[in-house]
Structure formats: C-alpha cells, structure tokens
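Following: one structure in structure tokens, then a few remarks.
Number of protein chains: 2
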Amino acid sequence: MALKVYVDRMSQPSRAVLIFCKVNGIDFEEIRVDILKNQQYSPEYKAINPMYQVPAIADGRFKLFESHAILIYISCAFPGVASHWYPGDLSKRAKIHSVLDWHHSNLRRGAAGLIFNTLLAPIKGLPLNLHVAKESEQILIRSLSKLERFWLKDGRFLVGSSQPSIADLSLVCELMQLELLSEEDRNRILSPYKKVVQWMEDTKRATAPHFDEVHRVLFKAKKGIRESVATQFGKPELKSKM
Amino acid sequence: MALKVYVDRMSQPSRAVLIFCKVNGIDFEEIRVDILKNQQYSPEYKAINPMYQVPAIADGRFKLFESHAILIYISCAFPGVASHWYPGDLSKRAKIHSVLDWHHSNLRRGAAGLIFNTLLAPIKGLPLNLHVAKESEQILIRSLSKLERFWLKDGRFLVGSSQPSIADLSLVCELMQLELLSEEDRNRILSPYKKVVQWMEDTKRATAPHFDEVHRVLFKAKKGIRESVATQFGKPELKSKM
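Protein chains in written order, with the numbering used here: chain Z, 1 to 242; chain P, 1001 to 1242.
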C-alpha cells in the first residue's frame, strides 16, 4: 500500500513534503485536503491529524503530522532517499535539527505571519492585521539576515552543505510564499540578501522539475488572491499601509 | 574534555538540557550566561551561538544551539543515555519529533508569550503588552487542551509512553515557567487539565532530585519578579487586566 500524503499545495510545508517525495521517487498517493473548503475539519481528516493542519501522512496504520517530523521519517523509512537529505553523521544531522528548530519561531513565524495578515486572513473570514503584519515583517527581515550571514555562510546550502537537505527544502518552500506579495514588496524584502536569493535558485534547480510543478498552484492563485484583497481593502502594498 | 553547557537557569529550555545531563550522568561543565546582564551578547558567546540565545553546547570543537537539537544530539552522542529518552524505533522517534515540532508554535509560543508580556518584558526594558499576553494565553489554553485530549491520551507520558522522553522534559520545563504567575492565575490556567497536572508531577518524579534542584532559581526569582512588576505597573493579575 502506497504512502498516503495529505496536502494542500497552497500550504508551504505541504509543498516541501510533496517535492521531497517526488524528487526521491517515493511511491505515494497525494490526497488533497482543501483548506479553503475547511476539509481539514472533517471527521475523516481529524482521525489523521487532530490538529486540523496539513501536511500529514499515513504509512499503513502509522499516522504522522508536522512537516519536519514527516521529512525525517520518510528519509529514514524509505531506502531510496539519498543521504544528503538527512545525513547519518551525528554532527551534520544535529546542525540540520538546529536549523529546522530555529525555523519555527523565526523564518516561518515571520513569513507566514506577514502573508496571513496582509493577504490570506480575509479568505478565512478574519480581518487583516497590519500591526501583526509589520511585526512579522521585522521577524522575517531578521531571519533573512541570519540566513545570509550565518546559516548560508559556509556553503551553497544550509549549514555548509554542498547538496540540499530537508532543511533547505522546508525553508525555501516557506520563502516561496512571498510570491503572493507584489513584485515590488517581494524584491524590497528579498533582494538585499544575495546569498538567500541564490540559495532559493539552487534549491529549485536541485529539485527540478518537481519544484516548479508543485508550486504552480501558488503562482496561479497569486493573481486571484491579490485581486480579492484589493477589492475588499484596496491595493495590498505593505509600504503604503505600514 | 567535558561537554560545555551554556545556560541560564531562568530559561526553560536551558533547564531541560541541564536536567537531562544530570539525570543521565553526563560529564559536563555548566557555564552560566546571565541573560539579565546581557551576557548572551558578548563576543565570546556570539562565537558559541550567534543567535544570542541559551542554551548552547560545545562538545570539543562542535558547537550547537536550539534545545531540541541539543537533547537529540546528547541522546545519540553519549552512550549512557537510556533509550526511552529518544527511542531508536522509527515510529516512536517520529512521534517524538512531531510533538517537539508542534511545541514551538503552540505550547511554547503560548506560555512564553504570556509570561514575557505580563512579567518579564520590563526586566528587558520593554513595556508590558497585555494584548499580546491575552492572545498568548489563548494559544496556551488551546495547547493545554491538545495535551490533555491528544498527546497524553494513551499513556502517563507523551505519545503513549510509559517512561519520559526528551519531549516530556522540554514541554514540562516550559510549563514550569507558569510558576512566575500568581497561584490564582496558575491554578485557573492549569487546574482544568488533570492529565497535564499529573504528567508534570510524573515528569518531576522521574527526574528527581535534579528537576527541583535546577528549578530552585526560578522558585527564588518568582517573588522578586512579581514585586518588581507590581511596583512599576500594579499587581500583575491577568484576570483584572485583561
């Protein structure tokens, strides 16, 4: 029985798990849990993930959620996964855990908080919160600076690696969510961080063609989301509102 | 050369790492990094952890930060650690990763956000933010409910275990920070969650006498911090301010 992977491609950790499975030739079935339609709250999905979030997996009777835990589990449970994704070496593995842990309260909190509070909240029936958006942007900028000056200082990929790990995939998929911003805002935020921009390109290239294929939904949704917010709240430009 | 463990016992992840080392008989040297005195910003400590946070470790030339990554590393690198702390079994290990990942954006965000914005911010020269404190308390309450109804539903310890793992220690040390609240507020928040309260007791007992010994600084600081906030802002009772 193939691994079941429960995802919504609009969710950045879902995309990381999907791309990882595709790149590594895992035999899996993609099951869409449409967050916009609140399918994560269905009784069927509650039995998979009682936290009502995507992604989650079911490997036979074994169920698991939280994308980093999933990426680690698949790396270890499926023999075809190349070792650079989650190295067996204790020190290298520890550094990957370190950057994955750091991610939660830094890059993810910043990027996801910014996008949610400038664009996605109304889709979930919540008001935009530009105060939280501003705080989130500050966390994001600090995190980008740490990526540029520390996490990417020793190599093309995170923590001095010459090949991508699960951490590269997780963090780059998070940053891809900034595609939903206007090109002007996205460039203003990202372009000062040359290593970060190059690393995003390198990670895309290392996971081609799956990276772009899995992100297609995001690229397509971009226009619709921005137009919907503009209709309700005016043009969602960060600089003019903060 | 003994493992160097850089901590401030007022920090909950620092305490988790310290208790873990003591319980498992690790040969280590505790190096205090006094956060109140901003010692985390010293050039010496920046070379250990450029994120300016505790805890961190140095095992010879190998340096590591983020408490979960540290607990996993020590579990694997030091042969004396009993296997229940970080089981080798793939599924059990995956569940521990899952709860550790969940912790970052849920229990930790709620508990740490609440304590910082009702008590600790002035000590760092920042204003109290009772709006953020209220949001944090809501996240904390939701997280306690998930602990009670999901994470602790199958056993004395997290994810159905009969013995504690690194996740139990990390999460219980986080909840111990609620000791800084008044007894009334602490009881109001915690007492509806019977399994959580019992689990905290079980974790303390499983790590005695080190648990109480390492927490002594927190118990001692409690009175001083509450009096200092009361002098500046009036009595720090959540109910009356929110």
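For every residue, glycine included, the Cβ atom is placed at its ideal position computed from N, Cα and C.
Residue i at chain P interface by Cβ criterion, 7 Å
i, result
"residue 69/Z", "yes"
"residue 21/Z", "no"
"residue 76/Z", "yes"
"residue 34/Z", "no"
"residue 83/Z", "no"
"residue 158/Z", "no"
"residue 8/Z", "no"
"residue 1/Z", "no"
Partner residues on chain Z for residue i, Cβ-Cβ distance less than 7 Å
i, result
"residue 1098/P", "64, 65, 66, 69"
"residue 1050/P", "150"
"residue 1027/P", "Neighbours of residue 1027/P on chain Z: none; closest Cβ ~18 Å, over 7 Å."
Beta-carbon gap between residue i and residue j smaller than 7 Å
i, j, result
"residue 1072/P", "residue 1017/P", "no"
"residue 1210/P", "residue 1023/P", "yes"
"residue 67/Z", "residue 122/Z", "no"
"residue 1147/P", "residue 1081/P", "no"
"residue 1190/P", "residue 1115/P", "no"
"residue 1158/P", "residue 1099/P", "yes"
"residue 1117/P", "residue 1106/P", "no"
"residue 1111/P", "residue 1152/P", "no"
"residue 1113/P", "residue 1136/P", "yes"
"residue 104/Z", "residue 1097/P", "no"
Listed by chain order, chain Z residues near residue i by CB distance under 9 Å
i, result
"residue 1072/P", "93, 94, 97"
Cβ neighbour criterion (16 or more within 10 Å) applied to residue i
i, result
"residue 1145/P", "exposed"
"residue 1028/P", "buried"
"residue 1131/P", "exposed"
"residue 1207/P", "buried"
"residue 169/Z", "buried"
"residue 1041/P", "exposed"
"residue 177/Z", "buried"
"residue 109/Z", "buried"
"residue 224/Z", "exposed"
"residue 1203/P", "buried"
"residue 55/Z", "buried"
"residue 1174/P", "buried"
"residue 1044/P", "exposed"
"residue 1231/P", "exposed"
"residue 1047/P", "exposed"
"residue 83/Z", "exposed"
"residue 1205/P", "exposed"
"residue 1/Z", "exposed"
"residue 1015/P", "buried"
"residue 1154/P", "exposed"
Any C-beta of chain Z under 7 Å from that of residue i
i, result
"residue 1119/P", "no"
"residue 1038/P", "no"
"residue 1013/P", "no"
"residue 1101/P", "yes"
"residue 1240/P", "Annotation note: pLDDT 40 at residue 1240/P (below 50); position unreliable, no value reported."
Cβ separation of residue i and residue j, assumed to be a contact under 8 Å, to the nearest whole Å
i, j, result
"residue 1059/P", "residue 1003/P", "5 Å"
"residue 1075/P", "residue 1166/P", "6 Å"
"residue 199/Z", "residue 156/Z", "7 Å"
"residue 5/Z", "residue 21/Z", "6 Å"
"residue 1049/P", "residue 1062/P", "Not a contact, Cβ separation roughly 13 Å."
"residue 1026/P", "residue 1078/P", "6 Å"
"residue 1119/P", "residue 1217/P", "Incorrect: roughly 15 Å between the Cβ atoms, too far for contact."
"residue 221/Z", "residue 10/Z", "6 Å"
Neighbouring residues, chain P, relative to residue i (Cβ below 8 Å)
i, result
"residue 146/Z", "1050, 1051"
"residue 154/Z", "What residue 154/Z touches in chain P: nothing, since even the nearest Cβ is about 13 Å away."
Distance cut-off 6 Å: residue i Cβ against heavy atoms of the ligand COA
i, result
"residue 1139/P", "Absent from the structure shown: the ligand COA. Ligands present: none."
Proximal chain Z residues relative to residue i, where beta-carbon distance stays under 8 Å
i, result
"residue 1105/P", "104, 105, 108, 109"
"residue 1090/P", "73, 76, 77"
Neighbour list for residue i in chain P, Cβ cutoff strictly below 9 Å
i, result
"residue 185/Z", "Those within 9 Å of residue 185/Z in chain P number zero; the least Cβ separation is about 24 Å."
"residue 168/Z", "Neighbours of residue 168/Z on chain P: none; closest Cβ ~16 Å, over 9 Å."
Closer than 7 Å to chain C by CB, residue i
i, result
"residue 98/Z", "Looking for chain C here will not work: the only protein chains present are Z and P."
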